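Next up, the structure:
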């Protein structure tokens with residue numbers, strides 16, 4: 001009996017939640033990718049600041065990393081969700097608007113994931129840069145290679161190679177953190193499961209399905225990262 | 001800067017600290033015991049156990065902690081009559097115990113991987129030497145394998161403890177009023193997100209700082225053999241040092 005009602009609840013037809021859950025899984029994926037990509041920019045900047053940004057830049061980047069890696073991610077999301085709305089309301093009052101302005105939930109989620117994952121990605125990029133053999137950089141300089149070319153031909157390819165395993169870990173973290181964005185009301189996978197659980201009174205079915213979808217996304221993207229890693233290692237002799 | 005407001009927020013947030021510590025402490029302690037048992041069983045290599053444990057670890061590492069908490073707290077409510085029949089409902093009715101269960105299972109999955117790595121890093125020669133001395137398997141495990149493995153796993157386990165401290169914040173979503181839960185209440189009442197965030201983050205950073213220091217201290221204590229030897233004989237000349 002349970003199994004027949006299970007197929008009904010998760011079916012794709014009318015009254016079934018299958019399509020809604022799959023769509024929410026896509027939202028989760030999009031949210032995570034956007035947050036991860038924006039975090040790559042933040043993390044890259046922070047890593048650059050720590051490596052060659054002078055004392056102030058290094059201290060700022062260090063503080064950023066310590067703060068957002070040490071504070072619960074949920075707290076960061078609350079900060080952006082409530083803080084961002086307040087800031088936006090103030091700005092709209094300046095511009096003559098009235099009332100309370102809410103921040104778009106998707107953008108808030110992306111910003112939160114970017115800030116959190118940027119703090120982790122900075123460490124990954126910094127470690128990867130430090131792993132590049134100094135001799136390669138010296139050789140490039142000895143050839144008279146201009147800095148942008150050196151960055152493009154020598155640094156970036158090797159940096160990515162060394163950073164990929166770490167980036168794969170950060171990606172898994174972002175994917176799982178995206179579930180926390182559900183507290184802002186954005187209908188991603190976790191939120192959709194809550195909605196379905198509430199209206200069908202079958203919470204176990206919905207949270208199990210959501211967990212299974214997260215696991216599937218994690219396994220598929222994990223396989224992608226492993227493939228990228230293998231590809232980045234072609235031409236490298238491995239003991 | 002509104003010092004009175006900050007002080008008030010700080011005082012209210014600190015009232016949630018005992019619950020945060022209780023959640024983190026209990027789940028880390030129980031999780032370590034389970035992780036030790038699971039990692040040791042993995043090491044035994046019985047195919048059935050190995051597959052079961054691998055499945056458990058993959059499921060709990062591959063899904064969000066929030067989903068696990070919801071599944072246990074709300075999800076199991078679907079089987080309320082059954083749970084009442086077997087007398088477990090009083091456990092699963094309480095958000096506190098559900099949170100403890102979810103956090104413990106989560107950290108034991110991560111811990112299993114960490115300790116497995118530690119067990120694998122134990123040099124075979126040490127175990128062979130112990131066997132050659134006539135130690136029984138249990139004695140080898142207790143005196144040789146486990147101490148070396150735990151020492152090796154300690155830095156990673158420190159990270160896991162910090163992740164768990166941060167993880168306790170999710171229990172606020174199932175109505176527990178620990179530090180993050182109180183912070184959320186204050187923010188949604190006052191809309192002063194930045195001040196409250198500053199106070200709450202100070203608490204968490206202080207907590208993490210203490211844990212990092214404790215782990216560092218433990219690491220130093222457990223590896224006297226890796227410390228550089230104190231220089232008892234002052235080197236008289238460069239030539240004497242190189243000889």
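Chains as they are written, first to last, in the numbering used here: chain W, 1 to 239; chain F, 1 to 243. Here a beta-carbon is modelled for each residue, glycine too, at the ideal position from N, C-alpha and C. Model, not experiment: these values are computed from the prediction.
Flag this pair as yes or no: are the beta carbons of residue 42/W and residue 166/W separated by less than 8 Å? Not closer than 8 Å, so no.
For the structure I just gave you, are there three or more beta carbon pairs, one from the region 147-160 of chain F and one from the region 107-126 of chain F, closer than 8 Å? yes
Cβ closer than 7 Å: which chain W residues qualify as neighbours of residue 184/F? 78
Chain-ordered residues of the region 59-73 of chain W with a beta carbon less than 8 Å from chain F: 66, 67, 70, 71, 72 and 73
Residue-chain proximity (residue 120/W, chain F), Cβ-Cβ < 8 Å: no
Residue 75/W and residue 88/W - do their beta-carbons sit closer together than 8 Å? no
Give the interface partners of residue 190/W over in chain F, defined as CB-CB distance under 8 Å, in chain order. 64, 66, 67 and 70
8 Å Cβ cutoff, residue 195/W in contact with chain F: no
Assess, as a yes-or-no matter, whether the region 177-188 of chain F is touched by the region 57-77 of chain W under the definition of 3 or more beta carbon pairs within less than 8 Å. With contact defined as three or more Cβ pairs closer than 8 Å, the region 57-77 of chain W and the region 177-188 of chain F are in contact.
Under 9 Å between beta-carbons, which chain F residues line up against residue 158/W? List them in chain order, please. Near residue 158/W there are no residues of chain F at all, since even the closest Cβ is about 26 Å away, more than 9 Å.
Have a look at residue 112/F and residue 83/W and give me their C-alpha separation to the nearest angstrom. 39 Å
Taking residue 77/F as the query, report the chain C residues whose CB atoms sit under 7 Å from its CB, ordered along the chain. In the structure shown, chain C cannot be found, because the protein chains are W and F.
Ordered along the chain, which non-local residues of its own chain (more than five positions away) have a Cβ less than 7 Å from that of residue 101/F? 72
Taking 8 Å as the threshold (beta carbon to beta carbon), is residue 240/F in contact with chain W? Since pLDDT at residue 240/F reaches only 45, below the 50 mark, its modelled position is unreliable, and the value read off the structure follows with that caveat. Judged by the 8 Å Cβ criterion, residue 240/F is not in contact with chain W.
8 Å contact criterion, which residue 69/F and residue 98/F should meet: CB distance rounded: 7 Å
Whose C-beta lies closer than 6 Å to the C-beta of residue 132/W among residues of the same chain, with five residues either side of it excluded? Exclusion of the five residues before and after residue 132/W leaves 158 as the residues of its chain whose Cβ lies within less than 6 Å of its Cβ.
Measure from the alpha carbon of residue 80/W to the alpha carbon of each residue in 151/W, 28/W, 112/W and 53/W, then state which is nearest. 112/W
For the candidate residues 21/W, 162/W and 215/W, whose alpha-carbon lies nearest to that of residue 128/W? 162/W
Evaluate residue 248/F with the Cβ neighbour count: other Cβ atoms within 10 Å of its Cβ, from every protein chain shown; 16 or more gives buried, anything less gives exposed. Since the first residue of chain F shown is 1 and the last is 243, residue 248/F is not available in this structure.
Give me the chain F residues within the contact set of residue 109/W, using Cβ-Cβ distance strictly less than 9 Å, ordered along the chain. Identification of chain F residues near residue 109/W by a Cβ-Cβ cut-off of 9 Å yields none; the smallest Cβ-Cβ distance measures about 14 Å.
If you draw a straight line from the C-alpha of residue 152/W to the C-alpha of residue 146/W, how long is it? 10 Å
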